[in-house]
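Asker:
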Amino acid sequence: MTMSEPQAARGATKARGAIWRRAFSYILPFVVVASLWQIASLFFPPFLFPSLIDVFKRCFGILVHWDQLSDVLATVGRILAGLAGAFFIGAALAVVMARSQSANRFLSPILTLFQGIPALSWVVFAIIWFHGIEPRIFFIMVMTTLPAFTFQVLGALQGMSRDLTEMVMSFRPTRAKLFRVMIIPAILPDIMTAWKVNLGNASRVVVVAELVGATGGVGYELLQQQQVFDMAGALAWTLQLVFFVLIAQAVLTFIENIVFRYRAVSERTL
Amino acid sequence: MTVAQPIIRLDQVTKAFGASSAGASFKAVDRLDLEVGSGQMLALLGKTGCGKSTIFNMIAGLTEPTSGIVTVDGRNPFHDFDAFRGKIAIVFQNDRLLPWRTAVQNVELGLEMLDIPPGQRNETAMHWLGKLGLLGHEHDYPHALSGGMRQRVSIARAFATDANILLCDEPFSALDEMTGRTLRAEFLKLVKENGKTAVFITHSINEALEIGDRIIVLRRPANIAIDLRLETETTVAEKDEIRQKIQNVLAM
Ligand SMILES: Nc1ncnc2c1ncn2[C@@H]1O[C@H](COP(=O)(O)OP(=O)(O)OP(=O)(O)O)[C@@H](O)[C@H]1O
Ligand SMILES: [Mg+2]
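Structure representation (structure tokens):
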């Protein structure tokens with residue numbers, strides 16, 4: 611069956627309309643919040659509710675001035691370094707715990723204990739135990755994200771299909787091959803999720819870590835803004851960090867979409 | 250029944266599941282003696298849940314017997330892990346394809362474990378996919394294949410490694426009559442021409458009579474109720490008699 615010209619054109623218009631509606635529903639909440647803020651800025655002094663135009667100017671200023679942008683990048687680097695450290699240590703611990711019941715029984719309570727320690731306590735411990743800004747921040751980042759990474763990787767390992775694992779084992783793989791053909795592909799979806807979750811946590815912890823001790827980074831800059839009661843600056847620095855988290859999440863989602871193409875998608879969604 | 254040259258030996262093998270301390274353990278296999286000779290084509294029959302797959306898992310070295318001894322080619326399949334690489338191939342009851350691999354990559358799995366170079370791996374895998382009528386689907390992921398197609402991919406995966414011992418858990422059950430018949434003939438030829446040893450589980454007495462040269466019927470929990478050999482000169486009347494005998498045991 612062929613569509614007549616006007617019919618086809620109408621179909622295309624309809625599709626474009628649907629895309630616009632989707633885009634609109636995404637930005638609507640932001641528009642509402644921004645509008646409320648902007649209205650508030652008309653009635654309150656700038657140190658309480660600065661105009662969003664000023665905030666935008668400050669954001670732009672951060673992006674174009676290298677000495678400021680380098681602060682953002684330093685913070686980003688600290689987040690990624692901390693996460694990478696926590697991930698590798700956590701994954702190693704998880705493998706040990708998955709293989710040995712007694713290791714699991716020994717390590718689980720310790721990690722649970724760590725989870726209950728506030729980020730600020732780690733900051734104090736780091737200052738007392740370590741010299742130098744970067745080792746302190748790295749230590750804080752690792753300690754605060756390690757338990758979550760470990761439990762998430764352990765859960766993924768324990769949740770692996772026994773049927774599939776036994777099938778692979780029936781071919782008698784070497785340990786390295788077992789990891790490559792079975793364990794890594796099987797736990798990869800959970801690892802991606804763990805990174806997404808921990809990225810959010812780490813970006814919140816990193817500014818706390820930087821507040822005490824750092825001489826650069828978003829946390830340090832926030833402290834400066836607080837001392838001069840510069841709300842526009844505080845917002846601008848916060849937004850820079852949020853932007854980064856959004857970009858990193860988008861990169862992870864992009865990777866997921868490529869790597870997990872094999873997944874069956876039901877036409878009945880949840 | 251003793252066999253001149255047993256390649257698989259089960260000696261008073263028991264497998265119990267469940268916590269033994271609670272005393273609530275459940276015997277899936279009970280003091281089973283079984284010898285399978287080199288080059289034999291053994292059909293294993295028995296009611297559902299009687300422990301057939303459990304016997305396979307013990308021969309394949311995936312589980313350890315609770316008591317008794319399992320030896321394959323004179324070695325312990327559970328503890329001698331590396332010694333059996335490429336020696337035993339299994340067609341599982343469910344297809345067990347890796348969802349993140351395409352059909353051809355799934356078939357290549359066993360060949361990867363044997364360090365066969367990629368080009369040759371692909372060639373062998375494609376050869377087997379062709380034999381099983383799956384050409385054109387080699388780059389499909391498992392979720393895009395039908396149940397019978399997935400089962401055929403898993404047969405290809407097992408046969409591609411050219412192992413000497415084949416363990417097949419209802420390999421032809423998910424197939425239509427015609428495809429099943431063709432594959433049974435192919436399977437028989439493969440085993441007989443290459444002097445392989447095969448044990449296959451089936452729920453079809455006819456299938457057992459058609460390609461088996463020895464039939465064992467199990468009770469529940471698994472131990473031997475009937476153990477008989479078929480010769481090439483076994484007549485139709487004798488086969489009918491055997492069929493009746495098997496039916497009687499399975500009806501118990
Ligand atoms: N891992 C396990 N844990 C506990 N019980 C098990 C386990 N595996 C098997 N069983 C039990 O052992 C018995 C035998 O199981 P098995 O899978 O060997 O049966 P089967 O003869 O292959 O049956 P079917 O013909 O239906 O495939 C069953 O009753 C089952 O409940
Ligand atoms: Mg079974």
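As you go down the protein sequences, you meet chains A and B in turn.
To convert, take the position in the first sequence, counting from 1, and add 610; that gives the working numbering.
To convert, take the position in the second sequence, counting from 1, and add 249; that gives the working numbering.
Ideal Cβ placement from N, Cα and C applies to all residues, glycine included.
Hey, how far is the Cα of B:I337 from the Cα of B:A309?
Answerer: Between B:I337 and B:A309, the C-alpha separation is close to 7 Å.
Asker: Checking the sheet assignment: what are the DSSP bridge partners for B:I475?
Answerer: Its beta-bridge partners are B:V466.
Asker: Would DSSP call B:A447 helix, strand or coil?
Answerer: Reduced to three states, the DSSP call for B:A447 is strand.
Asker: Near B:R468, which residues of its chain fall below 8 Å by C-beta distance, leaving aside the five closest residues on each side in sequence?
Answerer: Hits under 8 Å: G295, C299, A474, V498, M501.
Asker: Kindly list the residues whose CB is nearer than 7 Å to the CB of B:G429, restricted to its own chain and excluding five residues on each side of it in sequence; keep chain order.
Answerer: Excluding positions up to five away in sequence, the list reads F421.
Asker: Cβ of B:Q400 within 7 Å of any heavy atom in ligand 2?
Answerer: No, ligand 2 has no heavy atom inside 7 Å of this Cβ.
Asker: By a C-beta neighbour count over all protein chains shown, 10 Å radius and 16 as the cutoff for buried, is B:K445 buried or exposed?
Answerer: Under this definition B:K445 is a buried residue.
Asker: Are B:L363 and B:G335 touching if we call contact CB-CB under 8 Å?
Answerer: Contact flag set, yes.
Asker: Pick out the complete alpha helix (DSSP H) segments inside the segment 407 to 449 of chain B, 4 residues or longer, and give them in chain order.
Answerer: DSSP runs (the alpha helix (DSSP H)) wholly in the segment 407 to 449 of chain B: 426 to 442.
Asker: Taking only heavy atoms of ligand 1 into account, decide whether any of them is closer than 7 Å to the Cβ of B:G359.
Answerer: It does not: the Cβ of B:G359 is nowhere closer than 7 Å to a heavy atom of ligand 1.
Asker: Would B:Q400 be called buried (16 or more neighbouring beta carbons within 10 Å of its own) or exposed?
Answerer: Classification of B:Q400: buried, given that the 10 Å Cβ count is 16 or more.
Asker: Could you work out which residues of chain B lie near A:A874, taking near to mean beta carbons separated by less than 9 Å?
Answerer: Ordered by position in chain B, the residues that pass the 9 Å Cβ test against A:A874 are P348, Y390, P391, H392, A393.
Asker: Can you tell me where the alpha helix (DSSP H) holding A:G671 begins and where it ends?
Answerer: Counting along the chain, the alpha helix (DSSP H) containing A:G671 begins and ends at 662 to 674.
Asker: Just tell me which of A:V818, A:Y830, A:F659 has its CA closest to the CA of A:L730.
Answerer: Ranking the options by Cα distance to A:L730, first place goes to A:V818.
Asker: Is there a Cβ from chain A that is less than 8 Å from the Cβ of B:D331?
Answerer: Closer than 8 Å: yes.
Asker: Determine, using beta carbons only, whether A:A812 and A:L693 come nearer to each other than 8 Å.
Answerer: It is a contact, given that the beta carbons lie within the stated cut-off.
Asker: Ignore the nearest five residues each way along the sequence and tell me which others in B:A332's own chain have a CB closer than 7 Å to its CB.
Answerer: Taken in chain order, the residues that qualify are R324.
Asker: Specify, as a first and last residue, the run of the alpha helix (DSSP H) that A:A786 falls within.
Answerer: Start and end: 785 to 788.
Asker: Using the C-alpha atoms, what's the distance from A:S718 back to A:G627?
Answerer: Cα to Cα, A:G627 sits roughly 52 Å from A:S718.
Asker: Do you know how far the Cα of A:F654 is from the Cα of A:P660?
Answerer: Each residue's alpha carbon lies about 8 Å from the other.
Asker: Any C-beta of chain A sitting closer than 8 Å to the C-beta of B:R370?
Answerer: Not one chain A Cβ lies under 8 Å of B:R370.
Asker: Does any residue of chain A have a CB that is nearer than 8 Å to the CB of B:N343?
Answerer: B:N343 counts as touching chain A.
Asker: According to DSSP, simplified to helix, strand and coil, what is B:L291?
Answerer: In this structure, B:L291 counts as strand in the three-state DSSP scheme.
Asker: Applying the criterion that 16 or more other CB atoms from any shown protein chain within 10 Å of the CB defines a buried residue, is A:I689 buried or exposed?
Answerer: Buried is the call here.
Asker: Do A:I747 and A:E820 count as a contact pair if the criterion is CB distance below 8 Å?
Answerer: Cβ atoms of A:E820 and A:I747: closer than 8 Å.
Asker: Would you call the CB atoms of A:I797 and A:A766 closer than 8 Å?
Answerer: Yes, the Cβ-Cβ distance between A:I797 and A:A766 is below 8 Å.
Asker: Ligand 1 and A:Q768: does the residue's C-beta get closer than 7 Å to at least one heavy atom of that ligand?
Answerer: No, ligand 1 has no heavy atom inside 7 Å of this Cβ.
Asker: Taking Cβ-Cβ distances shorter than 7 Å, what residues in chain A pair up with B:L424?
Answerer: The contacting residues do not exist; B:L424 stays about 20 Å from chain A at best.
Asker: Beta carbon of B:K301: closer than 7 Å to some heavy atom of ligand 2?
Answerer: The answer is yes for B:K301.
Asker: Going by the DSSP bridge assignment, what does B:D344 pair with across the sheet?
Answerer: Answer is none; B:D344 lacks a bridge partner.
Asker: Let me check one thing: in DSSP terms, what residues is B:R258 bridge-paired to?
Answerer: The partner list for B:R258 (beta bridge, DSSP) reads B:E284, B:T320.
Asker: So is B:A309 in contact with chain A if we call contact Cβ pairs under 8 Å?
Answerer: Chain A, which has a Cβ nearer than 8 Å to the Cβ of B:A309, makes this yes.
Asker: Name, in chain order, the residues that DSSP records as bridge partners for B:K264.
Answerer: DSSP, once it has assigned bridges, lists B:V278 as partnering B:K264.
Asker: Rounded to whole angstroms, what's the CA-CA distance from B:V356 to B:A405? Just pull it up for me.
Answerer: Each residue's Cα considered, the two are about 6 Å apart.
Asker: If B:D279 and B:N472 are in contact, beta carbons under 8 Å, what's the gap, nearest whole angstrom?
Answerer: At roughly 5 Å, the Cβ-Cβ gap stays under 8 Å, so B:D279 and B:N472 are in contact.
Asker: Along the segment 399 to 416 of chain B, where does the CB come closer than 7 Å to a CB of chain A? Name the residues.
Answerer: Listed in sequence order: no entries.
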